[in-house]
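Colleague: Residue numbers (our numbering), protein chains in the order written: chain A, 577 to 903; chain B, 156 to 433; chain C, 4 to 267. Backbone N, C-alpha and C fix where the C-beta goes; we use that ideal spot for every residue, glycine too.
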Amino acid sequence: MKRFRLAAIFVAALVSTVVVATSAFGGGQAVAPDKIVIAYQPGMGYAPLIIMKTQRTLERRYPGLQVEYRVLPSGTAITNGMISGQIHVGAMGTGPFLVGYARGIDWKMIAPLNEADLWLMAKDPNIKTIGDLRGKRIATPTNTSIQAAMLRKMAEVRLGDSKALNAGLIAMDHPDAMQALLAGQIDAHLTSPPFQFQERNRGAHVVARSYSYFGAHSFLGAVVTEKFYNEYTQFSNQLYRDVAAAIKLTKTNPKKVAQILQDDAGGAPSARQFKQWIGNPAITYTTRPRGLMRTASFMSRTGQLPGRMPASWRDLVFPPVYPTKGS
Amino acid sequence: MSSITETTALPARPREAGWSRLPLWLRRVILLAAIIGLWQAYVSWSEFGGNPLLFASPADTATAFWNGWRDGSLARATWETMRLLLIGVGIGALIAALFTLFASLSQIGEDILLLLTAILNPLPGVAVLPLALLWFGLSNKAIIFAIANATIWPIAINLTTGFKTVNPTIVATGRNIGLKGIRLVTDVLAPAALPSAISGLKTAWAFGWRTVVAAELVFGVVGGEGGLGTYINNAKLYLFTAQMFAALLSIAILGVAFELLFGVLERRTIVRWGMQRS
Amino acid sequence: MSSVTDTAVLRVERVQLGYWTPDGFTLAVQDATFSVAPREKSIVIGPSGCGKSTLLKAVAGFIRPTAGRIEFAGREKLEPGPDRAVVFQEFDQLFPWRSVLDNVAYPLRINGWKRRDALERAREFIELTSLGNAADRYPHQLSGGMKQRVAIARALALDPAMLLMDEPFGSLDMITRARLQQELNGIIERTQTTLLLVTHSMDEALTVGDRVVVLAGSPSTVTEIVDVRDVGPPDSPHYAETRLHLRDLLGVTHEEEELDVVDH
Chain A
577 MKRFRLAAIF VAALVSTVVV ATSAFGGGQA VAPDKIVIAY QPGMGYAPLI
627 IMKTQRTLER RYPGLQVEYR VLPSGTAITN GMISGQIHVG AMGTGPFLVG
677 YARGIDWKMI APLNEADLWL MAKDPNIKTI GDLRGKRIAT PTNTSIQAAM
727 LRKMAEVRLG DSKALNAGLI AMDHPDAMQA LLAGQIDAHL TSPPFQFQER
777 NRGAHVVARS YSYFGAHSFL GAVVTEKFYN EYTQFSNQLY RDVAAAIKLT
827 KTNPKKVAQI LQDDAGGAPS ARQFKQWIGN PAITYTTRPR GLMRTASFMS
877 RTGQLPGRMP ASWRDLVFPP VYPTKGS
Chain B
156 MSSITETTAL PARPREAGWS RLPLWLRRVI LLAAIIGLWQ AYVSWSEFGG
206 NPLLFASPAD TATAFWNGWR DGSLARATWE TMRLLLIGVG IGALIAALFT
256 LFASLSQIGE DILLLLTAIL NPLPGVAVLP LALLWFGLSN KAIIFAIANA
306 TIWPIAINLT TGFKTVNPTI VATGRNIGLK GIRLVTDVLA PAALPSAISG
356 LKTAWAFGWR TVVAAELVFG VVGGEGGLGT YINNAKLYLF TAQMFAALLS
406 IAILGVAFEL LFGVLERRTI VRWGMQRS
Chain C
4 MSSVTDTAVL RVERVQLGYW TPDGFTLAVQ DATFSVAPRE KSIVIGPSGC
54 GKSTLLKAVA GFIRPTAGRI EFAGREKLEP GPDRAVVFQE FDQLFPWRSV
104 LDNVAYPLRI NGWKRRDALE RAREFIELTS LGNAADRYPH QLSGGMKQRV
154 AIARALALDP AMLLMDEPFG SLDMITRARL QQELNGIIER TQTTLLLVTH
204 SMDEALTVGD RVVVLAGSPS TVTEIVDVRD VGPPDSPHYA ETRLHLRDLL
254 GVTHEEEELD VVDH
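#1: Output, in chain order, the set of chain C residues within a Cβ distance shorter than 8 Å of B/T341.
#2: Roughly how many angstroms lie between the CA atoms of A/P751 and B/G245, to the nearest whole one?
#3: How many Å lie between C/Q144 and C/P171 at the Cα?
#4: Three or more C-beta pairs under 8 Å: does that hold for the stretch 803–819 of chain A against the stretch 669–688 of chain A?
#5: Along the stretch 171–185 of chain C, where does the CB come closer than 7 Å to a CB of chain B? Name the residues.
#6: Check each residue of the stretch 416–430 of chain B: if its Cβ is closer than 9 Å to any Cβ of chain C, include it; give the result in chain order.
#7: What does DSSP give as the partner residue(s) for A/I714 in the beta ladder?
#8: Nearest-angstrom Cα distance between B/L241 and B/A248?
#9: Rounded to the nearest angstrom, what separates C/E127 and C/R140 at their Cα positions?
#10: Beta carbon of A/V613, beta carbon of A/R636: below 8 Å?
#11: For C/P240, tell me which candidate among C/L209, C/L218 and C/S221 has the shortest Cα-Cα distance.
#12: Tell me which residues share the same chain as A/A608 and place their Cβ nearer than 8 Å to its Cβ, disregarding the 5 neighbours each side in the sequence.
#13: With 16 as the cutoff for other CB atoms within 10 Å, does B/G429 come out buried or exposed?
#14: Just to make sure I have the definition right: I need the residues of chain C whose C-beta is within less than 8 Å of the C-beta of B/L334. Which are they?
#15: If the criterion is Cβ atoms closer than 8 Å, does the pair C/S223 and C/Q92 meet it?
#16: Report yes or no: is there a C-beta of chain C within less than 8 Å of the C-beta of B/T324?
#17: Go ahead and pull the three-state DSSP assignment for A/A606.
#18: Assuming C/G49 and C/L253 are in contact, meaning their beta carbons sit under 8 Å apart, how far apart are those beta carbons, in whole angstroms?
#19: Buried or exposed: where does B/P318 fall if 16 or more other Cβ atoms within 10 Å of its Cβ makes it buried?
#20: For C/L199, which residues does DSSP report across the bridge?
#21: Assign C/K55 to one of two classes, buried (16 or more other C-beta atoms within 10 Å of its C-beta) or exposed (fewer than that).
#22: With 8 Å as the threshold, decide whether the Cβ of C/P25 is near any Cβ in chain B.
#23: Considering only their Cβ atoms, is the gap separating C/D169 from C/V107 smaller than 8 Å?
#24: What are the start and end residues of the beta strand (DSSP E) that includes A/M754?
#25: With DSSP run on the structure shown, which of helix, strand or coil describes B/P323?
#26: Could you have a look at A/V647 and say whether DSSP puts it in helix, strand or coil?
#27: Roughly how many whole angstroms lie between the Cα atoms of A/F773 and A/M754?
#28: Is it the case that the Cβ atoms of A/I714 and A/L745 are separated by a distance below 8 Å?
#29: Is the shortest distance between the beta-carbon of A/R553 and the beta-carbons of chain B less than 8 Å?
#30: List, in chain order, every chain B residue whose beta-carbon is nearer than 7 Å to that of C/V89.
#31: For chain C, find out if any of its Cβ atoms is closer than 8 Å to the Cβ of B/T315; answer yes or no.
#32: Report the start-end ranges of each alpha helix (DSSP H) in the stretch 95–155 of chain C that is 4 residues or longer and not cut off at the edges.
#33: Quick one: measure Cβ to Cβ for A/D818 and A/T633, integer angstroms, because I've assumed they're closer than 8 Å.
#34: Which one of C/A121, C/R232, C/W100 and C/V18 has the shortest CA to CA distance from C/V225?
#35: Exposed or buried, which one is A/Y805 when buried takes at least 16 other CB atoms within 10 Å?
#36: Can you list, in chain order, the residues of the stretch 713–727 of chain A whose Cβ is nearer than 7 Å to any Cβ on chain B?
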């Protein structure tokens, strides 16, 4: 009996330790407005956030607010952070956003960031068309990314089967994939600005563009959970306006924005380069979402959205975005 | 004491706690049930545990497990991983055998082997993967390379020790009855070194197993079929947490299965022959 | 160099044996000369460290003499082989991964016997050494005495020109030892095998042997070769006399024997 009691105490201690330890992760406690974590990925697509970071927009408006900007390598990492409550505002591609939504994460976009034409780049001059890519190695960020979806669309249109190029898909981060493409380790890379621009500068050529196959579409957006929005509605609405303001700056003063981007990138690429890229029609900063439903239904068709489907684009965004009349 | 002159009945069996008196299988079953119960309790009563995107309940895990095997996805992933593992361990064992041969034939061979083992054995299997990716590109060859590296050294070291510690009397007997050269190695040295060989193989298998799953996770190949690591990765991507749990359960079960297999191997050989080392 | 024993199976002439140690070369046997005739049972006796085991190993072919010659059945440069089957002192001379039957049959198979004949012959010798019930057991399941019986069966099944035994019963208790000595006599009686047995036990020498080669000194030499064919049973006066003689040759004092230092 004594031994039994001992065992019971041991088990109880073990269990409470585990519960206490993990509840530290658990609590998606939206933070009292004295700390907020904003996460995004590397790339000029996140320029509005970078501008806000550099200009300390939030810190100035809310004195005492601890703002932490974090750069994470992938949409998956940001997703995980948001589910466990460590990240409050996550900027990611529409792909991972839609997948999360489908799988039941209660989140929506608080502020779309841009639309972008995503290019399929190849270095080998012999690869001229989509058909040439059969059986070849193609890199995209992850299987759930908007880039992977675009590749499937291209395969569907050109080759009749969205799965035709699946066998060669490799998941790689943009910087790694760019290196691999230029080194010849992979055959193609469906990527985004600025990487596609950089690859073109370094000898790769464009095989296909997502706009040609899919029409113009949203690329990145800032996302918060419904819980967060409900708890900090005013803050979130204001966040939308701050993003919109930053985006306006890219149009009114691209030179300044280019300088901000250069500084944030540690000196290279150069501000001149960034200015060129900002002006490139392949990327347009806007808070108007475009093609969200189109993207969702395509991804659902190819089996990438296991779960719930939004009924309309408004299900995917918070109220401040409604007036933009997106799609 | 009267017990010296009188016969008493057998002394009362020492009173153990009720637990120890239960048969082994029953104890195991009860503990397992308790663990599952705690698991379910955690899912039901904790916020973290209750979030299906973060933590799967026993029921969900079981369902995902069952479905995964039924529709073949887990089966294919498991087989793919096993395939890589078998090839990797096979190559590792071969190279290890060659090394051992070299080491047993010459002092410099032994020195080289010991030096290489000291340097390369401590490397976690996955640590060589980035290098392997550079050399072999994004192919399974890189994974096999990592596995081979993780398995060569434990096998080589065990085999060499095994050969060195073979009873000299047995070798003398072998020579006495007319065995020489290769025949002496295959008919006397090899069976005598079997305990060491099995021990080395067990270690290598464990290392290889860990390496292959980790390598697949790092590898991140998306298209086509992948192994268990890829399965887990994919599940993570689409937030199929129950599938992740199911894959881990599969790995655990496989681990137990192989333990049992090794046990059978040992019982048929070195235990039957009384050759088991302590 | 013909001598009286022209038909000797084994001729050991002025053999010198030694081995290398970290301190240099050590001589174990200075000068040994003796011979063994066919069907003769020769015992080499001496105190521990006198080099008798080394001598046996040289005859077996595991080492070469540094001087002198060893001639066996007309050959000189000896390699280990089944014509001089050895029974070692250690119990683990058997292959643990083979059954008793297989331990006896396998050496036959590798020496050209067909599988079925080998098994038959193996069974014969297993019966001969009173191991009938143990044929399918594994060595680790046997007692020390039984293990040595298996070794004897294996050695004899090969029909060696000479059976070499290196203190075969040295690791056994006295009762088993005595029994095995008697059994050995009986078996060799049947097989008529030539025997060279090394021991430090005087009683063993007298019980089993025809001639006793006494090695003494350090490094050792053959002090004397004593004929013990007709010593009679252990309680006979001739036995006691011969035993005393051996004791003197070996330089064993009464005290040492009393203290059980030397085996009796």
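Modeller: Taking the coordinates as given:
#1: Chain C residues near B/T341: none, gap ~11 Å exceeds 8 Å.
#2: 36 Å
#3: 19 Å
#4: yes
#5: none
#6: T424, I425, R427, W428, G429 and M430
#7: According to DSSP, A/I714 bridges with A/L745 and A/A764.
#8: Straight-line Cα distance between these residues: approximately 10 Å.
#9: 16 Å
#10: Contact: no.
#11: The shortest Cα separation from C/P240 among C/L209, C/L218 and C/S221 belongs to C/L209.
#12: Annotation note: pLDDT 44 at A/A608 (below 50); position unreliable, coordinate value reported separately. No residues qualify anywhere along the chain.
#13: So B/G429 counts as exposed.
#14: I113
#15: For the 8 Å CB-CB criterion, C/S223 and C/Q92 do not form a contact.
#16: yes
#17: Confidence in A/A606 is poor, its pLDDT being 40 and thus under 50, which makes the residue's placement too unreliable to answer from.
#18: Contact holds; Cβ gap of about 7 Å.
#19: Just to set this straight, residue 318 of chain B is Phe in the shown sequence, not Pro. Result: buried.
#20: C/S45 and C/L167
#21: buried
#22: For C/P25, the answer is no, since every Cβ of chain B falls outside 8 Å of its Cβ.
#23: no
#24: Note, A/M754: premise wrong, no beta strand (DSSP E); alpha helix (DSSP H) at H750 to A759.
#25: helix
#26: strand
#27: 11 Å
#28: Against a cut-off of 8 Å, the Cβ pair of A/L745 and A/I714 comes out as a contact.
#29: One cannot answer for residue 553 of chain A here, as it falls past the ends of chain A, which runs 577 to 903.
#30: N331
#31: no
#32: Within the stretch 95–155 of chain C, the complete alpha helix (DSSP H) runs of at least 4 residues fall at 103–113 and 118–131.
#33: The Cβ separation is near 5 Å, so the contact holds.
#34: C/V18
#35: buried
#36: R713, T718, N719 and T720
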